[in-house]
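Single-structure report; data block below.
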Amino acid sequence: MYIATIEKANNLLNSLIETGELDRIGLIVVDELHMIGDGCRGTIIEQLLCKYLTKGFGQIIGMSATLSNIEELAGFLRAYVFTTSFRPVELHEFVRIGQTMWKVTTTGELELNAELPPNVNLNSTSLNPFN
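For the sequence shown, numbering that gives the first Met the number 0 begins at 0 and goes up steadily by one.
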């Protein structure tokens with residue numbers, strides 16, 4: 000068993016392809032599969048899965064709590080879809096526009112949530128937004 004970041008898993012797969020040992024992997028588990036459409040890391044997930052699919056056998060288990068295009072992705076991965084409506088913690092989605100936070104309702108409407116104080120640095124890379 001090898002537990003790794005997306006990037007390290009991709010490097011491992013590349014090494015196994017180069018040495019002709021890709022058949023040593025029988026199962027890949029990807030958490031946060033919804034990242035497949037997001038920028039650089041999503042591209043790496045897609046590359047990793049495409050390379051693995053070319054071997055013609057093996058299993059992929061993809062997990063996500065927020066995957067919106069599940070049928071399209073299942074077709075791409077030649078996969079079965081298993082879903083549940085059970086959520087131990089309710090999921091809330093928010094959007095920031097300027098200094099205002101909006102909650103996305105279940106109908107897709109935006110509902111005012113909060114006005115951010117002017118001293119909040121929205122461009123900070125620090126974990127403390129007041130820096």
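Backbone N, C-alpha and C fix where the C-beta goes; we use that ideal spot for every residue, glycine too.
Minimum C-alpha distance to residue i - residue among the options
i: T4; options: L21, V28 and E20; result: V28
i: G61; options: T104, E31 and G19; result: E31
i: T105; options: H91, L111 and N118; result: H91
i: F108; options: G55, F93, P117 and A73; result: Strictly speaking, residue 108 in this sequence is Glu, with Phe absent from that position. Considering only alpha carbons, the answer is F93.
i: K7; options: L66, T53, L47 and E71; result: L47
i: I24; options: Y1, E45 and R40; result: Y1
i: F85; options: A64, D22, A78 and L11; result: A64
i: D37; options: F56, S67, L52 and P87; result: S67
i: G132; options: E20, L52 and P87; result: Residue coverage of the chain in this structure runs from 0 to 130, which leaves residue 132 outside it and unanswerable.
Counted within 10 angstroms of its Cβ, other Cβ atoms place residue i as buried (16 or more) or exposed
i: I35; result: buried
i: L72; result: buried
N-terminal and C-terminal residue of the alpha helix (DSSP H) that residue i is part of
i: F75; result: I69 to L76
i: Q46; result: G38 to L52
i: A8; result: I5 to E17
Whether residue i touches residue j by CB criterion (7 Å)
i: V80; j: I96; result: no
i: L26; j: Q58; result: yes
i: L12; j: K54; result: no
i: Q98; j: L115; result: yes
i: E89; j: K102; result: no
i: I43; j: N10; result: no
i: M100; j: N112; result: yes
Run of the beta strand (DSSP E) containing residue i, from where it starts to where it stops
i: T104; result: T104 -> no beta strand (DSSP E), and no H or E assigned at all.
i: T58; result: With the sequence shown as reference, residue 58 is identified as Gln, and Thr is not the correct amino acid for it. Start and end: Q58 to M62.
i: D22; result: It is not in any beta strand (DSSP E) - D22 carries neither H nor E in the DSSP assignment.
i: L109; result: L109 to E114
i: F85; result: Neither: F85 is in no beta strand (DSSP E) and is coded neither H nor E.
The ligand ZN heavy atom lying under 6 Å from the CB of residue i
i: Y1; result: As for the ligand ZN, it is missing from this structure, which has no ligand bound.
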